[in-house]
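Each residue of the sequence shown is one higher than the last, beginning at 31 in this note's numbering.
No residue lacks a Cβ here, since even glycine has one placed at the ideal position from N, Cα and C.
These numbers were taken from a predicted model, which means no experiment stands behind them.
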Amino acid sequence: MTFWHPVGLCLAVMFLAFGAVQNSAAATHDCFPFVGEKMKFDVDWEFVNAGTAEVNITAEGQDGYKVHNFARTNRFLDIFKKVRDTIVSEGICLDKTMQSTVFTADQKERSYSSTKEALYLWQEGKVKYTKKGRVRIYDVPKGHLNVLDAFYLTRMAPPSKDTPISIPVFDSGEKYDLVVKWVKEAKLQAPWGELVNCIVIEPELKTEGVFTSVGKVQVWLTDDERRIPLKITAKIKIGSIVVDLTSYSKNT
Numbered sequence: 031m032t033f034w035h036p037v038g039l040c041l042a043v044m045f046l047a048f049g050a051v052q053n054s055a056a057a058t059h060d061c062f063p064f065v066g067e068k069m070k071f072d073v074d075w076e077f078v079n080a081g082t083a084e085v086n087i088t089a090e091g092q093d094g095y096k097v098h099n100f101a102r103t104n105r106f107l108d109i110f111k112k113v114r115d116t117i118v119s120e121g122i123c124l125d126k127t128m129q130s131t132v133f134t135a136d137q138k139e140r141s142y143s144s145t146k147e148a149l150y151l152w153q154e155g156k157v158k159y160t161k162k163g164r165v166r167i168y169d170v171p172k173g174h175l176n177v178l179d180a181f182y183l184t185r186m187a188p189p190s191k192d193t194p195i196s197i198p199v200f201d202s203g204e205k206y207d208l209v210v211k212w213v214k215e216a217k218l219q220a221p222w223g224e225l226v227n228c229i230v231i232e233p234e235l236k237t238e239g240v241f242t243s244v245g246k247v248q249v250w251l252t253d254d255e256r257r258i259p260l261k262i263t264a265k266i267k268i269g270s271i272v273v274d275l276t277s278y279s280k281n282t
């Protein structure tokens with residue numbers, strides 16, 4: 031597999047045209063205040079620009095949300111390793127907390143392709159997981175999130191210097207507690223031209239899943255109430271990748 035998959039992770043931030051979002055955003059605001067965000071990222075592999083990533087967030091009904099992620103290599107990299115990855119995460123606000131409902135990953139990478147889907151049947155305490163047509167049912171209690179939803183929960187309540195956070199997740203056929211730790215403080219130039227204070231966090235991923243071949247991942251979040259992801263770095267089997275935010279907006 032490739033250097034590409036961390037793009038799906040610590041992004042989740044570019045967003046589709048709005049429509050009904052303004053009418054529905056209030057219902058999701060308490061547990062998911064990110065509806066309407068739009069971000070774009072450049073992705074570099076070592077010293078080579080590899081492509082771009084986008085994340086789009088829309089409201090789904092009165093209390094739901096949908097995060098749409100798309101990553102692609104540029105024309106030059108297409109010659110060697112064409113990538114077109116789409117990852118979609120859906121969830122609802124349940125008792126003012128996040129509950130994942132659907133997670134799909136459609137990965138097309140030259141000769142490799144894979145489609146995965148996880149349906150979070152929280153009312154039954156189950157997850158229906160489908161990979162390459164094979165269906166399995168897992169016992170997964172209500173409250174478990176997919177890894178992208180876990181990222182958004184981290185944005186709302188990040189770890190502190192002395193206190194990591196732990197989030198119950200289901201990913202690629204496994205349920206476990208995803209630990210996210212505080213690494214350091216830093217300053218970064220934001221795409222809007224301002225030098226901003228950041229915190230750097232590090233999730234301890236235990237499954238390959240969307241993040242196949244990824245080693246250590248670190249995320250730079252603005253140290254304010256928005257906690258915008260400005261930068262992501264990931265160690266991989268061959269070198270490392272760097273993901274930089276290039277634009278940010280949020281419809282209200």
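Local Cβ density within 10 Å of residue i, reported as buried at 16 or more and exposed below that
i: Ser119; result: buried
i: Pro86; result: First, the amino acid is wrong: residue 86 is Asn here, not Pro. Under this definition Asn86 is a buried residue.
i: Tyr142; result: exposed
i: Gln215; result: The amino acid at residue 215 is misidentified as Gln; the sequence shows Glu. Glu215 should be labelled exposed.
i: Ser196; result: exposed
i: Trp222; result: exposed
i: Leu268; result: Checking the sequence, you will find Ile at residue 268 rather than Leu. Exposed, since its Cβ has fewer than 16 Cβ neighbours within 10 Å.
i: Gln153; result: exposed
i: Val240; result: Low local confidence applies: a pLDDT of 44 at Val240 is under 50, so the model's placement there is unreliable, with the coordinate-based value given in what follows. Val240 should be labelled buried.
i: Glu76; result: exposed
i: Ala101; result: buried
i: Asp93; result: buried
i: Thr131; result: buried
i: Thr88; result: buried
Inter-residue spacing [alpha-carbon to alpha-carbon] between residue i and residue j
i: Glu90; j: Asn79; result: 34 Å
i: Phe71; j: Tyr206; result: 29 Å
i: Val273; j: Ile266; result: 13 Å
i: Asp136; j: Thr160; result: 12 Å
i: Pro189; j: Lys211; result: 6 Å
i: Arg257; j: Arg185; result: 6 Å
i: Glu204; j: Glu84; result: 27 Å
i: Phe62; j: Ser270; result: 31 Å
i: Glu147; j: Arg164; result: 10 Å
i: Leu218; j: Leu260; result: 8 Å
i: Thr145; j: Leu175; result: 19 Å
i: Lys111; j: Ile231; result: 30 Å
i: Thr276; j: Gln248; result: 18 Å
i: Thr242; j: Arg114; result: Here Thr242 scores only 45 on pLDDT, less than 50, and its place in the model should not be relied on; the value that follows carries that caveat. Approximately 15 Å between the Cα atoms of the pair.
i: Lys191; j: Gly81; result: 33 Å
i: Ala220; j: Ile262; result: 13 Å
i: Lys280; j: Tyr182; result: 15 Å
i: Lys246; j: Gly66; result: 30 Å
According to DSSP, residues forming a beta bridge with residue i
i: Val170; result: Val170 pairs with nothing; no bridge assigned.
i: Gly121; result: Tyr95, Ser130
i: Ile109; result: BP columns for Ile109 are empty, so no partner.
i: Leu183; result: Per DSSP, none; premise fails for Leu183.
i: Val199; result: Leu175, Tyr206
i: Thr116; result: Phe100, Asp136
i: Glu147; result: Thr134, Thr160
i: Gln219; result: Leu225
Min CB distance residue i to chain C below 7 Å
i: Val118; result: Here chain C cannot be found, since the structure has a single protein chain.
The ligand ADP heavy atom lying under 6 Å from the CB of residue i
i: Ala89; result: As presented, the structure is devoid of all ligands, the ligand ADP included, so that no description of it is given.
Is the region 114–132 close to the region 96–104, with three or more CB pairs under 8 Å?
A contact exists between the region 114–132 and the region 96–104.
Note down, one range per segment and in chain order, each beta strand (DSSP E) of at least 3 residues found wholly within the region 58–105.
Those beta strand (DSSP E) runs which fall completely within the region 58–105 and span 3+ residues are 67–75, 78–90, 94–103.
Per the contact definition of three or more C-beta pairs closer than 8 Å, is the region 243–257 in contact with the region 226–233?
They touch, by the three-pair rule.
Determine contact between the region 124–132 and the region 105–114, defined as no fewer than three beta-carbon pairs at a distance below 8 Å.
The region 124–132 vs the region 105–114: no contact.
Between the region 153–173 and the region 185–200, do at least 3 Cβ pairs fall closer than 8 Å?
Judged by Cβ distances under 8 Å, the region 153–173 makes contact with the region 185–200, as three or more pairs qualify.
3 or more residues per run - each beta strand (DSSP E) lying fully within the region 229–282
With a minimum length of 3 residues, the unbroken runs of beta strand (DSSP E) contained wholly in the region 229–282 fall at 244–252, 259–266, 270–280.
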